[in-house]
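Participant: Here the sequence shown is numbered in the numbering used here, starting from 63 and rising by one per residue.
Backbone N, C-alpha and C fix where the C-beta goes; we use that ideal spot for every residue, glycine too.
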Amino acid sequence: VVEELKVSMRKQVSGADHLYSLLNAPWLQSLLKALLSSHDMVAQKDFNPVLPPLPDDLPNEEEAMRIVCLVKNNQPLGATIKKNEVTGEIFVARVIHGGLADRSGLLNMGDKLVEVNWQPVAGMDPEQIIEILTQSQGTIMFKLVPMSDKPVNTPVKLYMRAMVDYCPQHDPAIPCADAGVVFHKGNVLEVVDQTDALWWQARKLPSTSAFAGLIPSAELLKRWAEESVHSTCITSRCVTFFILNSEDMMAIDEKCVETGLRSLAVAAGFRRSLRLCRRKLASLLHQSRDNHYPSSSHSALTHPYEEVVLYQRRMQDKHRLVVLVGSSGVGVNELRRRLIERQPKIFQGPVPHTTRPPKSYEEPGREYHFIKKEQFENMADTQRFLEYAEYKGHLYGTSFDGIRDVLDKGMICIVDIEPHAIPSIRTQEFRPYIIFVKPPSCARMRKTRKNAQIITNYFVNRPFKEEDFQEIEEAAKKMEAQYGHFFDHVLVNDGLQDSCEQLLWVTRRAQDDPQWVPAAWLQPTGQS
Ligand SMILES: Nc1ncnc2c1ncn2[C@@H]1O[C@H](COP(=O)(O)OP(=O)(O)OP(=O)(O)O)[C@@H](O)[C@H]1O
């Protein structure tokens with residue numbers, strides 16, 4: 063070492079001269095001498111009593127036992143056990159990530175339990191052992207045979223958005239309902255263990271607990287989904303795969319409106335015309351759409367979890383598309399209109415296309431892009447529309463290019479669409495932030511909509527009726543049940559003023575704060 067230091071000093075390696083003088087210090091030299099001489103004395107000493115030699119016939123297969131003592135506190139042990147029905151032996155089935163057993167590092171999956179609190183457990187039912195554990199106070203003793211090949215747990219940390227609802231308390235298949243995590247569609251789960259093919263371990267975010275819990279694996283959920291489909295069950299006992307039939311879909315979109323008022327047409331713009339014909343042609347759109355994208359319930363069945371990552375938009379990135387969805391009459395158009403009116407330099411809607419002739423006050427490219435029917439049909443055939451439909455013999459559509467035009471100007475594009483169009487806009491390019499405009503209770507709507515007007519089939523702008531509130535509420539429930547996993551934010555449109563403030567705040571946050579987005583959106587183009 064000293065020689066190497068001398069070389070380093072010659073090369074003027076920084077700090078080498080300091081180390082050299084430290085090693086040569088007289089106090090260090092004497093300390094090293096003393097240590098070496100005491101080591102030699104200990105090494106030469108004989109110790110008593112002399113132990114007998116190990117017997118030659120020691121059985122190789124003798125099981126090494128381990129005694130583990132854990133101090134019981136308010137927390138659950140964080141491990142599950144199972145019985146081998148043939149041999150009656152009891153094994154540790156699972157150790158819950160972050161739990162007491164896991165943190166002790168002394169209990170592992172596959173360990174064989176021999177005694178608990180000095181009571182032999184072979185042949186007992188797991189419930190009896192749990193009873194012993196429940197009754198015991200203070201320290202719990204486990205005598206166990208450790209699993210010979212300790213599982214190498216490669217830690218995973220994946221984030222998944224749940225596309226279904228799950229309730230462990232109603233799940234007869236879960237190994238331990240108390241260890242299960244309740245989640246709803248749209249919740250983000252931090253998956254920490256995928257060792258088991260059927261039961262993963264995860265935390266529901268936001269979470270301050272170190273404790274994970276059990277969730278069904280994607281494979282298991284898919285299996286259940288297939289079973290529910292085959293048995294024509296809409297809701298299995300513990301998992302909700304919400305499948306709307308076409309009748310339900312029609313109920314959402316059943317209102318139809320006719321109006322020719324110029325002021326409304328300008329104020330509501332395209333949304334009005336399109337939304338009206340969208341309702342009328344909902345079933346028709348449904349059929350044609352299904353040729354292009356899988357329906358949301360179908361995708362939730364095949365992808366019960368969606369991997370997500372935290373995305374922070376950079377200054378140079380285009381704004382995220384802001385999408386509003388809601389049941390007819392809830393106030394989607396009113397909110398969108400007010401937002402654009404309030405900050406017209408920041409927010410804008412895409413200019414729609416139509417085959418109808420322009421009116422006297424309309425300018426091409428301002429209210430609409432006026433195009434010929436053949437052109438429109440060509441655009442529709444080449445999937446350049448996010449949505450389109452026919453109304454009073456004319457075609458209307460929102461094009462993807464119309465959205466791009468707004469985003470390319472550095473503005474925030476805000477669209478309102480029917481929820482079945484969500485899957486087609488949920489792309490890496492648009493990175494949409496989806497806001498569900500939800501009605502407040504019927505009682506609140508009665509109060510807040512006292513002086514408001516609803517547009518109906520027969521009257522233009524008549525006051526809201528009781529059945530309107532019920533229809534809005536009913537349609538919202540169905541929409542949330544079927545598309546809730548896509549919603550980034552739920553905005554309850556109670557007081558108009560507050561809702562506008564909230565919408566402004568949410569759209570800002572969508573652009574400026576980190577948000578969970580599908581992991582596929584951040585993969586290099588071509589891989590998503
Ligand atoms: N929070 C609110 N308080 C009071 N009135 C409201 C509120 N939100 C919307 N309204 C009124 O309710 C009526 C319907 O709103 P709006 O036209 O925006 O509904 P919509 O969701 O766009 O449905 P549609 O597609 O049927 O037009 C409008 O008169 C609007 O001013």
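From residue 395 to residue 496, what does the alpha carbon distance come to, in whole angstroms?
Facilitator: In the sequence shown, the residue the question calls residue 395 occupies position 333. In the sequence shown, the residue the question calls residue 496 occupies position 434. Going from the Cα of residue 395 to the Cα of residue 496 covers about 15 angstroms.
Participant: Flag residue 561 as yes when its Cβ comes closer than 7 angstroms to any non-hydrogen atom of ligand 1, and as no otherwise.
Facilitator: On the sequence shown, residue 561 is found 499 positions in, with the first residue counted as 1. It does: the Cβ of residue 561 is within 7 angstroms (strictly closer) of some heavy atom of ligand 1.
Participant: Could you tell me which uninterrupted alpha helix (DSSP H) segments, each at least 4 residues in length, are contained entirely in the stretch 453 to 530, listed from first to last along the chain?
Facilitator: Within the stretch 453 to 530, the complete alpha helix (DSSP H) runs of at least 4 residues are 462 to 470, 484 to 487, 504 to 510.
Participant: Would you mind working out which of 481, 148, 570, 158 sits nearest residue 375, comparing C-alpha positions?
Facilitator: One-based indexing of the sequence shown puts residue 375 at position 313. Among 481, 148, 570, 158, the Cα nearest to that of residue 375 belongs to 570.
Participant: Check residue 129 in the structure and name its three-state DSSP category.
Facilitator: On the sequence shown, residue 129 is found 67 positions in, with the first residue counted as 1. Strand, per DSSP.
Participant: For residue 200, which residues of its own chain have a beta-carbon under 8 angstroms away from its beta-carbon, when the five flanking residues on both sides are left out?
Facilitator: The residue given as residue 200 occupies position 138 in the sequence shown. For residue 200, where only same-chain residues beyond five positions count, the Cβ hits under 8 angstroms are 133, 134.
Participant: Between 279, 286, 368, 269, which lies nearest to residue 596 when the distance is taken from Cα to Cα?
Facilitator: The structure shown has nothing for residue 596, since the chain only spans 63 to 590.
Participant: Enumerate in chain order the residues of its own chain whose CB-to-CB distance from residue 194 is below 7 angstroms, with the five nearest sequence positions on each side excluded.
Facilitator: Walking along the sequence shown from the start, residue 194 turns up at place 132. Correct list, in chain order: 178, 179, 181.
Participant: Determine which residues share a DSSP beta bridge with residue 262 and list them.
Facilitator: Mapped onto the sequence shown, residue 262 falls at position 200. Its beta-bridge partners are 277.
Participant: Between which two residues does the alpha helix (DSSP H) containing residue 564 stretch?
Facilitator: Walking along the sequence shown from the start, residue 564 turns up at place 502. Counting along the chain, the alpha helix (DSSP H) containing residue 564 begins and ends at 558 to 574.
Participant: Please classify residue 509: is it buried, with 16 or more other beta-carbons within 10 angstroms of its beta-carbon, or exposed?
Facilitator: As a working note, residue 509 is residue 447 in the sequence shown. Residue 509 is exposed by the Cβ-count criterion.
Participant: To the nearest angstrom, how far is the alpha carbon of residue 168 from that of residue 241?
Facilitator: Taking the first residue of the sequence shown as 1, we reach residue 168 at position 106. Taking the first residue of the sequence shown as 1, we reach residue 241 at position 179. One C-alpha to the other measures close to 20 angstroms.
Participant: From 431, 417, 488, 426, pick the residue whose C-alpha is nearest to that of residue 454; which is it?
Facilitator: On the sequence shown, residue 454 is found 392 positions in, with the first residue counted as 1. Measuring from the Cα of residue 454, the nearest candidate turns out to be 417.
Participant: Just verifying my parser: in three-state terms, what is the DSSP assignment at residue 323?
Facilitator: What you label residue 323 is simply residue 261 of the sequence shown in a count that begins at 1. Any reading at residue 323 must be qualified, since the residue scores a pLDDT of 27, below 50, and its modelled position is unreliable; the value itself is stated next. Reduced to three states, the DSSP call for residue 323 is coil.
Participant: Looking at ligand 1, does it come within less than 7 angstroms of residue 396, judged from the CB to the closest heavy atom?
Facilitator: One-based indexing of the sequence shown puts residue 396 at position 334. Residue 396 Cβ: within cutoff of ligand 1.
Participant: Check for me: the alpha helix (DSSP H) holding residue 189 runs from which residue to which?
Facilitator: Mapped onto the sequence shown, residue 189 falls at position 127. Its alpha helix (DSSP H) spans residues 188 to 197.
Participant: Buried or exposed for residue 286, please, with buried defined as at least 16 other CB atoms from any protein chain shown within 10 angstroms of its CB.
Facilitator: For the purposes of this step, residue 286 is taken as residue 224 along the sequence shown, with counting starting at 1. With 16 or more Cβ atoms within 10 Å of its Cβ, residue 286 is classed as buried.
Participant: Considering just the uninterrupted stretch of the beta strand (DSSP E) at residue 69, what are its terminal residues?
Facilitator: Looking up residue 69 in the sequence shown gives position 7. Looking at the DSSP string, residue 69 is not in any beta strand (DSSP E); the run it does join, the alpha helix (DSSP H), is 64 to 72.
Participant: Is it the case that the Cβ atoms of residue 440 and residue 502 are separated by a distance below 8 angstroms?
Facilitator: The residue labelled residue 440 in the question sits at position 378 within the sequence shown. The residue labelled residue 502 in the question sits at position 440 within the sequence shown. No; because the gap between Cβ atoms is not below 8 angstroms, this pair is not in contact.
Participant: Comparing C-alpha positions only, which one of 253, 117, 476 sits nearest to residue 158?
Facilitator: Start at 1 with the first residue of the sequence shown, and residue 158 comes out as number 96. Taking only the C-alpha atoms, the option nearest residue 158 is 253.
Participant: Could you tell me whether any non-hydrogen atom of ligand 1 is closer than 7 angstroms to the CB of residue 514?
Facilitator: Residue mapping note: residue 514 aligns to position 452 of the sequence shown, counting from 1. Because some heavy atom of ligand 1 lies under 7 angstroms away, the Cβ of residue 514 counts as near it: yes.
Participant: Are the stretch 466 to 483 and the stretch 377 to 386 touching by the rule of at least three beta carbon pairs closer than 8 angstroms?
Facilitator: The stretch 466 to 483 is in contact with the stretch 377 to 386.
Participant: Take residue 70 and list the residues in its own chain whose beta-carbon comes closer than 7 angstroms to its own, dropping the five residues that flank it on each side.
Facilitator: Here residue 70 corresponds to residue number 8 of the sequence shown, with the count starting at 1. The residues are 78.
Participant: Identify the continuous beta strand (DSSP E) that holds residue 205 and give its terminal residues.
Facilitator: Against the sequence shown, residue 205 aligns to sequence position 143. Run containing residue 205: 201 to 207, per the beta strand (DSSP E) assignment.
Participant: According to DSSP, is residue 103 part of a helix, a strand, or is it coil?
Facilitator: Within the sequence shown, residue 103 is the residue found at index 41, counting from 1. It is helical.
Participant: For residue 143, does the three-state DSSP call read helix, strand or coil?
Facilitator: Counting from 1 along the sequence shown, the entry for residue 143 is found at position 81. Strand, per DSSP.
Participant: With a CB to CB cut of under 6 angstroms and the five nearest residues on each side skipped, what residues in its chain are close to residue 139?
Facilitator: As a first step, residue 139 is located in the sequence shown; it is residue number 77 there, counting from the start. Counting only Cβ-Cβ distances below 6 angstroms, and skipping sequence neighbours, we find 162, 163.
Participant: What residue range is occupied by the uninterrupted beta strand (DSSP E) comprising residue 435?
Facilitator: Looking up residue 435 in the sequence shown gives position 373. It is not in any beta strand (DSSP E) - residue 435 instead sits in the alpha helix (DSSP H) that spans 435 to 443.
Participant: Between which two residues does the beta strand (DSSP E) harbouring residue 551 extend?
Facilitator: On the sequence shown, position 489 is the one that residue 551 refers to. Residues 551 to 554.
Participant: May I ask you to list the residues that DSSP assigns as paired with residue 174?
Facilitator: Counting from one through the sequence shown, the residue named residue 174 turns up at place 112. BP columns for residue 174 point to 153, 207.
Participant: From the DSSP output, in three-state form, read off residue 267 for me.
Facilitator: Working through the sequence shown from its first residue, we reach residue 267 at position 205. DSSP places residue 267 in coil when its eight states are reduced to three.
Participant: Assign residue 116 to buried or exposed, taking buried as 16 or more other Cβ atoms, counted over all protein chains shown, within 10 Å of its Cβ.
Facilitator: As a working mapping, residue 116 is identified with position 54 in the sequence shown. Exposed: under 16 other Cβ atoms inside 10 Å.
Participant: Measuring straight from C-alpha to C-alpha, what distance separates residue 591 and residue 75?
Facilitator: This structure leaves residue 591 out entirely; the chain is present only between 63 and 590.
Participant: Do residue 481 and residue 545 have their beta-carbon atoms positioned less than 8 angstroms apart in this structure?
Facilitator: To locate residue 545, count along the sequence shown from 1; it is residue 483. To locate residue 481, count along the sequence shown from 1; it is residue 419. Taking 8 angstroms as the Cβ cut-off, residue 545 and residue 481 qualify as a contacting pair.
Participant: Applying the criterion that 16 or more other CB atoms from any shown protein chain within 10 Å of the CB defines a buried residue, is residue 308 buried or exposed?
Facilitator: As a first step, residue 308 is located in the sequence shown; it is residue number 246 there, counting from the start. Unreliable placement is indicated for residue 308, whose pLDDT of 34 sits below 50; the coordinate value is still reported in the next sentence. Under this definition residue 308 is an exposed residue.
Participant: Measure the C-alpha to C-alpha separation of residue 543 and residue 387 and round it to an integer number of angstroms.
Facilitator: The sequence position of residue 543 within the sequence shown is 481, counting from 1. The sequence position of residue 387 within the sequence shown is 325, counting from 1. Whole-angstrom Cα-Cα distance: 13 angstroms.
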